[in-house]
Amino acid sequence: MIRLHKGRYVARTANGAGDLAAAQALRMAAFKLPGVDSDPHDARCTHILVEDTTDGALVCTYRLLALHGADLADSYAAQFYELSALQAYEGLMMELGRFCVAPDRRDPDILRLAWAAMTEYVDAHDVQLLFGCSSFAGIETEHYLDAFAMLRARHLAPKRWLPRVKAPDVFRYAAKLRRKPDVRKAMLRMPPLLRTYLMMGGWVSDHAVVDHQMNTLHVFTGLEIGAIPAARKRLLRALV
């Protein structure tokens with residue numbers, strides 16, 4: 369069980385149906401969905417909650433699912449990406465999903481504590497690869513061309529792990545974009561979760577999935593734990 373404190377916040381493992389319902393409600397608000405955000409993966413995942421101890425409000429949540437290569441077909445991401453290349457990955461993998469922060473909260477301590485809790489889970493289970501879907505709001509690709517150009521230029525997955533196309537509607541940005549990215553514009557448009565992955569050495573798929581149900585564009589994102597810079601690991605473990 370995870371339980372960490374930083375300032376006014378506490379991160380902990382969800383316990384019971386009430387905690388899961390609260391996480392689903394926050395996801396609904398953060399992702400601006402019309403109904404309850406629930407799917408069959410919820411029952412198989414470990415859910416992490418970050419709460420404000422001053423008022424008891426849930427301010428951040430995400431879910432974690434540990435998987436070996438043979439189990440990748442059971443991941444959330446596998447419905448959008450063909451992941452057979454990763455089945456050969458040695459060591460335990462973990463899918464990070466439904467990461468969100470309450471829309472009215474901007475305190476950086478929330479994200480610091482959320483990542484510290486994730487680091488504790490990774491260390492406790494000897495996870496070797498963290499992966500998930502990193503989402504851009506909306507489905508209009510022209511808003512994010514500099515961001516996608518930067519992903520193409522600097523952050524594509526190694527060929528041996530590269531996810532292949534599976535979803536019916538995708539934006540093949542690595543094949544289509546030849547522009548030099550404006551770094552400032554790219555970083556302004558990059559989703560915060562994806563920025564964090566990239567700062568730690570993460571990599572992405574060569575195409576984005578157009579997800580009409582969630583009203584997002586998302587890229588498969590991987591982070592090999594062994595490749596995280598030592599200084600960044602020390603920061604992540606400072607609260608553990």
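Residue numbers (my numbering): 369 to 608.
Note that beta-carbon positions come from the ideal geometry of N, C-alpha and C, so glycine has one too.
Exercise. What alpha helix (DSSP H) runs, 4 residues minimum, are completely inside the segment 497–538?
Worked result: 513–522
Exercise. Identify the residues that DSSP records as bridge partners of Thr-429: which are they?
Worked result: Leu-417 and Cys-468
Problem set entry | CB-CB length for Ile-596 against Met-568, believed under 8 angstroms | 5 angstroms
Exercise. How would you call Val-490, buried or exposed, if buried means at least 16 neighbouring beta carbons within 10 angstroms?
Worked result: buried
For this session: Tell me where the beta strand (DSSP E) around Phe-588 begins and ends.
Result: 584–592
Problem set entry | Terminal residues of the beta strand (DSSP E) in which Arg-380 lies | 377–381
Exercise. Is Glu-458 buried or exposed, if buried means 16 or more other CB atoms sit within 10 Å of its CB?
Worked result: exposed
For this session: Just mark Thr-358 as buried or exposed, buried being the case when its beta carbon has 16 or more other beta carbons within 10 Å.
Result: There is simply no residue 358 to check, as the chain begins at 369 and stops at 608 in what is shown.
For this session: Might you give, ordered along the chain, the residues of its own chain that have their beta carbon closer than 6 angstroms to the beta carbon of Ala-390, omitting 5 neighbours on each side?
Result: Leu-426
Exercise. Does the Cβ of Val-587 have 16 or more other Cβ atoms within 10 Å, making it buried, or fewer, making it exposed?
Worked result: buried
Problem set entry | Span separating the alpha-carbon of Ala-434 from that of Phe-467 | 16 angstroms
For this session: Could you check what DSSP says for Arg-552 in three-state terms: helix, strand or coil?
Result: helix
Exercise. Rounded to the nearest angstrom, how far is the Cβ of Val-418 from that of Leu-460, given a contact under 8 angstroms?
Worked result: Going by Cβ atoms, the distance from Val-418 to Leu-460 rounds to 24 angstroms, so no, they are not a contact pair.
For this session: Report buried or exposed for Gln-581, applying the criterion of at least 16 other Cβ atoms within 10 angstroms of its Cβ.
Result: exposed
Problem set entry | Pick from Pro-476, Ser-503, Asp-537 and Glu-450 that is closest to Leu-464, judged by C-alpha positions | Ser-503
Problem set entry | Close Cβ partners of Arg-600 (< 6 angstroms) along its chain, the five nearest in sequence each way excluded | Met-568
Exercise. When we look at the beta-carbon of Gly-375 and count the other beta-carbons within 10 Å, is it buried (16 or more) or exposed?
Worked result: exposed
Exercise. For the putative contact between Thr-414 and Arg-431, defined by C-beta atoms under 8 angstroms, what is the C-beta separation to the nearest angstrom?
Worked result: 7 angstroms
Exercise. Between Asn-583 and the rest of its own chain, which residues show a CB-CB distance below 7 angstroms, the 5 nearest in sequence each way excluded?
Worked result: Gly-506 and Ile-507
For this session: Confirm, please, whether the CB-CB distance from Ala-576 to Phe-539 is below 8 angstroms.
Result: yes
Exercise. When burial is assigned at 16 or more other CB atoms within 10 Å of the CB, is Ser-510 buried or exposed?
Worked result: In the sequence under discussion, the amino acid at residue 510 is Glu, which differs from the Ser named in the question. Exposed.
For this session: Tell me, please, which residues DSSP counts as bridged to Glu-463.
Result: Leu-433 and Phe-499
For this session: For Leu-556, count neighbouring C-beta atoms within 10 Å of its own C-beta (all shown protein chains included) and say buried if the count is 16 or more, exposed if not.
Result: exposed
Problem set entry | Alpha-carbon spacing of Asp-407 relative to Ala-446, whole angstroms | 14 angstroms
Exercise. Start and end of the alpha helix (DSSP H) containing Lys-374?
Worked result: Not the alpha helix (DSSP H): Lys-374 falls in the beta strand (DSSP E), residues 371–374.
Exercise. Shortest alpha-carbon distance to Glu-488 belongs to which of Met-462, Pro-536, Met-518 and Arg-547?
Worked result: Met-462
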